[in-house]
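Below you'll find the structure, written out as structure tokens, and then a few comments.
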DNA sequence: TCACATTTGTCCGTATGTATC
DNA sequence: AGATACATACGGACAAATGTG
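Protein chains in written order, with my numbering: chain F, 1 to 239; chain U, 240 to 478.
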């Protein structure tokens, strides 16, 4: 791989639908198109780009499967700009599991290490509102448990909120993708109410440690918590 | 989002091209189709599934952008079963970084923390061939520097090789995504030969520490290295 | 509630460029 | 080098779905 290769890359992709797709992507990256905006209809796009409708459709397939747009038919339709990239990452991770390219063990190990880092930065950067939000999360989860409802959503949200508190987008993206996969696994397994309750208790203790800025305690609790989760997932995997 | 939603999902996708795509995916998951196998041509697929060619084409776009097949045109073509899912995940992470406008500062900080973890697992799991590969990387970079050529490719490759040595695909994906962004920034900034040379020297020292299983030393060197990179990038960013 | 207009989903026929034998 | 097979791309057509008046 010499540098020449990067300097003189083709002006346009040989395939028109790829060119159209990356042009639209570029418009999104540069902020000309924002989430919620609508693209013109397929026919109109074909006219403006001066290509056939089939080509436009294939471009839209690419954008759709990369999480940039969503498409509804009928009436006042037209592709809508979305940001569901993280969901797409989750879907691909799931494919990778099925094709035996990534194991649950690898994922939980990476999660453990990365979330240990996250919790440190969360303690340094969290503000009052975010601590409030985390308390609300615990309360909501507890209410569900009281009513005998499993609180998976809240329990996953807890980890996302921690990542958000680091104020670092990289951690947010990585943690959210991993949690999407975890949520997916859990929804298939269907955890019992006892487990869910146990998780909430752990989260509450972790939050107390964070609010008290007790760094080591928070990390230790998290590690214990995730090792427990890991063990539970693995025992279910081999069943 | 209750569990009901997951229990009663539609029997078949309303869109035929999605149905075709998931049928072919299923054949891959179940082992009927293996990497290297060829799918029939578009026309033949259309005949067998009893759908139009356009529908088949859109299915192939989905499979292609999910990393299951690759397509070459002309001659004895026909879609080939591949497994590039992990590359697709990396591409999507890269998109996510771009769309969230991740700053270089955030990125290098996350890199610093995540690579510190990576180097620990790399020391535990690296084998002889991989150490050899890393030495080759250093040699190639040095040769370029001698010839007054900037060795950006090799310097980025060094970090990817470290991630590979952990034997954990999640680390590989995360590191490769981050390095893609770093490479992008560097190609815009255009580092000077002195900086590039300095980086190679650091990499060599790190590699020595890894080969000698000197864990703490390796981590310290890496930290020092990345902090230096961070400082250099910031001074260039604010220019 | 109902009809209408718009838009996506699908199919067919055809032309062209390209890679392989 | 020529023939062949294939993906790419265009245009026209109709069906199905859906929001709006």
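Beta carbons are placed, not taken as given, at the ideal position from N, Cα and C, and that holds for glycine.
Check, Outcome
"Whether residue 328/U touches residue 89/F by CB criterion (7 angstroms)", "yes"
"Residues that residue 305/U contacts on chain F, provided the C-beta gap is smaller than 7 angstroms", "65, 92, 95"
"Span separating the alpha-carbon of residue 212/F from that of residue 123/F", "9 angstroms"
"Cβ-based contacts, 7 angstroms cut-off: residues of the stretch 159–173 of chain F near chain U", "168, 169, 170, 171, 173"
"Residue span of the alpha helix (DSSP H) that contains residue 294/U, given as start and end", "292–304"
"Cβ shell of residue 102/F (< 8 angstroms), same chain only, five flanking positions each side left out", "93, 96"
"Limits of the unbroken alpha helix (DSSP H) element including residue 200/F", "193–211"
"Nearest candidate by alpha-carbon position, reference residue 418/U, set 313/U, 398/U, 303/U", "398/U"
"Local Cβ density within 10 Å of residue 152/F, reported as buried at 16 or more and exposed below that", "buried"
"Proximal residues of chain F, C-beta to C-beta of residue 288/U below 7 angstroms", "In chain order: nothing, as chain F lies at least about 17 angstroms away."
"Beta carbon of residue 384/U nearer than 7 angstroms to that of residue 443/U", "no"
"Contact set for residue 118/F: own chain, Cβ-Cβ below 8 angstroms, skip 5 residues either direction", "162, 163, 166, 171, 175"
"Reference residue 468/U, options 298/U, 387/U, 316/U, 431/U, closest by Cα", "431/U"
"Chain U contact residues for residue 102/F, given Cβ-Cβ distances below 7 angstroms", "408, 409"
"Buried versus exposed call for residue 470/U [16 or more other C-beta atoms within 10 Å across all chains shown]", "exposed"
"Closer than 7 angstroms to chain U by CB, residue 110/F", "yes"
"Straight-line Cα distance separating residue 269/U from residue 188/F", "19 angstroms"
"For residue 277/U, the three-state DSSP class (helix, strand or coil)", "strand"
"Where residue 286/U falls, given that 16 or more other Cβ within 10 Å makes a residue buried", "exposed"
"Residue 420/U versus 254/U, 317/U, 338/U, 267/U, residue with shortest Cα-Cα distance", "338/U"
"Closer than 8 angstroms at the beta carbon, the chain F residues around residue 300/U", "17, 58, 61, 62, 65"
"Cα-Cα separation, residue 351/U to residue 208/F", "28 angstroms"
"Members of the stretch 185–208 of chain F near chain U, C-beta cut-off 7 angstroms", "187"
"Check: residue 430/U C-beta below 6 angstroms from any heavy atom of the ligand FMN", "For the ligand FMN, the structure offers nothing, since it holds no ligand at all."
"Cβ-based neighbour list, residue 157/F, same chain, cut-off 8 angstroms, excluding 5 preceding and 5 following", "137"
"Where residue 89/F meets chain U, residues with beta-carbon distance less than 8 angstroms", "328, 331, 332, 335"
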